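Enquirer:
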Amino acid sequence: MPLIDTHTHLDFDPFDHDRQAVLDRCQAAGVERILVLGVHEANWARVWQLAEDAPAVYAALGLHPVFLQDHRPEHLDRLRDWLERLRSADKLCAIGEIGLDYYIEDPDKPRQQALLEAQLGLANEFELPVLLHVRRAHADMIATLKRYKLKRTGIAHAFSGSWEEAREYIKLGFKLGLGGAGTWPQAHRMHRVLQQLPLDSIVLETDAPDITPHSHAGERNSPEFLPDICRELAELRGVSAEELAEASYRNSCDLFGWA
Numbered sequence: 015m016p017l018i019d020t021h022t023h024l025d026f027d028p029f030d031h032d033r034q035a036v037l038d039r040c041q042a043a044g045v046e047r048i049l050v051l052g053v054h055e056a057n058w059a060r061v062w063q064l065a066e067d068a069p070a071v072y073a074a075l076g077l078h079p080v081f082l083q084d085h086r087p088e089h090l091d092r093l094r095d096w097l098e099r100l101r102s103a104d105k106l107c108a109i110g111e112i113g114l115d116y117y118i119e120d121p122d123k124p125r126q127q128a129l130l131e132a133q134l135g136l137a138n139e140f141e142l143p144v145l146l147h148v149r150r151a152h153a154d155m156i157a158t159l160k161r162y163k164l165k166r167t168g169i170a171h172a173f174s175g176s177w178e179e180a181r182e183y184i185k186l187g188f189k190l191g192l193g194g195a196g197t198w199p200q201a202h203r204m205h206r207v208l209q210q211l212p213l214d215s216i217v218l219e220t221d222a223p224d225i226t227p228h229s230h231a232g233e234r235n236s237p238e239f240l241p242d243i244c245r246e247l248a249e250l251r252g253v254s255a256e257e258l259a260e261a262s263y264r265n266s267c268d269l270f271g272w273a
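Heads up: the sequence shown begins at 15 in the working numbering, then just goes up one per residue.
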C-alpha cells in the first residue's frame, strides 16, 4: 500500500536522535515520499539538506504565520533567492508552510495577510503549489485565494473546517490534507465532513511530530504512522484502506507533478 506523507516537520528536534531509523521504518511501511516543510528562514537550509540526503524526502520552503515574530522583510527576498536557485531542482515541490492563524493569542492579522499575499505572489512567479496553514481563518483564506487565482493550487493542510468551507477549497482546485486529528472519537464534525469529501480531493499527512493519531496516543507522531492514519480514516469514510491510499497517492502526484 504505497503512501505519500504530504506534510511533516521531520527536520524538527524531536527526530534528531533517530531520524534515519524513522526513514528506514517509513520505507518498510510503504511511505514512499515524505514532504518536509520550512517554517522560517533559519530552518530552510536544514530542510533542504535533509531533502538532498534522503531519497524519500522532498522539500517546501516558506514563512509560517505562527513564527511571525521571527520573520523580517528581507526574509521574503531570501525566499525568492532560494526559489530562484532551486528552480530546476526536482526535490523542491512547493511553497509552504504559509497561511493565516487567528487561533494564536493577539494575531497580527494585517501583517499575516501581507506575508501570505507576498508568498502567493512568489508561488505564481515560480509556478509552484502552496501548502496552507489555516486556523480560524478559512473565510479570509478562501477570499484571498479567489483574488489570486493561482497558476497551481495546493493543499489546505490539517483541514478541520466545515463541509461548506471544504467545498470552497475544492472549487478552487485545492486538496484537503487529512491526518491524525480526524482519527479521534470526539472529532464528530470532521467525521461528517470526511464522509462527504470526494476521494479526488483528499491527500494524507501526519504533520509529524504533531497531531498524533488516536492509535498512537501519547507518542511522538511520525510519518511511519501514515498507514495507520489511512486505515482509520478509510474506515470512517466507508472505503478500503487501499482505495484511500491509492486516491491520496494519485492526488499527491497530480498536484506536485510527479510521475
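Ideal Cβ positions, reconstructed from N, Cα and C, are used throughout, including at glycine. On a predicted model such as this, the values are computed, not experimentally measured, just so you know.
Could you pull the DSSP bridge partners for Ala-170 from this structure?
Expert: Looking up residue 170 in the sequence shown gives position 156. DSSP output for Ala-170 lists Leu-146 and Leu-190 as bridge partner(s).
Enquirer: Would you kindly work out how many angstroms separate the C-alpha atoms of Val-168 and Asp-32, rounded to a whole number?
Expert: Taking the sequence shown and counting its residues from 1, one reaches residue 168 at position 154. Taking the sequence shown and counting its residues from 1, one reaches residue 32 at position 18. The question names Val, but residue 168 in the sequence shown is Gly. Taking the straight line joining both Cα atoms gives about 30 Å.
Enquirer: Taking Val-276 and Asp-122 to be in contact with their CB atoms under 8 Å, please state how far apart those CB atoms are, rounded to whole angstroms.
Expert: This structure cannot settle anything about residue 276, because the visible part of the chain is limited to 15 through 273.
Enquirer: Using a Cβ distance threshold of 8 Å, determine whether the stretch 242-256 contacts the stretch 64-80, with at least three qualifying pairs required.
Expert: With fewer than three CB-CB distances shorter than 8 Å, the stretch 242-256 does not count as touching the stretch 64-80.
Enquirer: Out of Leu-24, Ser-215, Gly-196 and Pro-28, state which residue places its alpha-carbon closest to the alpha-carbon of Arg-206.
Expert: In the sequence shown, the residue the question calls residue 206 occupies position 192. Comparing Cα positions, the closest option is Gly-196.
Enquirer: Is it the case that the Cβ atoms of Ala-68 and Leu-37 are separated by a distance below 8 Å?
Expert: For this step, residue 68 is matched to residue 54 along the sequence shown. For this step, residue 37 is matched to residue 23 along the sequence shown. Taking 8 Å as the Cβ cut-off, Ala-68 and Leu-37 qualify as a contacting pair.
Enquirer: According to DSSP, is Ile-109 helix, strand or coil?
Expert: Start at 1 with the first residue of the sequence shown, and residue 109 comes out as number 95. Ile-109: strand per DSSP, three-state reduction.
Enquirer: So, using beta-carbon positions, are Leu-17 and Tyr-263 closer together than 8 Å?
Expert: Taking the first residue of the sequence shown as position 1, residue 17 is located at position 3. Taking the first residue of the sequence shown as position 1, residue 263 is located at position 249. Result yes, Cβ atoms of Leu-17 and Tyr-263 sit closer than 8 Å.
Enquirer: Under the rule that 16 or more other beta-carbon atoms within 10 Å means buried, what is Gly-232, buried or exposed?
Expert: Along the sequence shown, read from residue 1 onward, the residue named residue 232 stands at position 218. So Gly-232 counts as exposed.
Enquirer: Between Leu-134, Gly-44 and Met-204, which has its C-alpha nearest Val-144's C-alpha?
Expert: For this step, residue 144 is matched to residue 130 along the sequence shown. Of Leu-134, Gly-44 and Met-204, the residue nearest in Cα terms is Leu-134.
Enquirer: Would His-171 pass as a contact of Gly-191 if the rule is Cβ separation under 8 Å?
Expert: Locating residue 171 in the sequence shown gives position 157, where the first residue counts as 1. Locating residue 191 in the sequence shown gives position 177, where the first residue counts as 1. Cβ atoms of His-171 and Gly-191: closer than 8 Å.
Enquirer: Could you have a look at Ala-201 and say whether DSSP puts it in helix, strand or coil?
Expert: One-based indexing of the sequence shown puts residue 201 at position 187. Assignment of Ala-201 by DSSP, reduced to helix, strand and coil, places it in the coil class.
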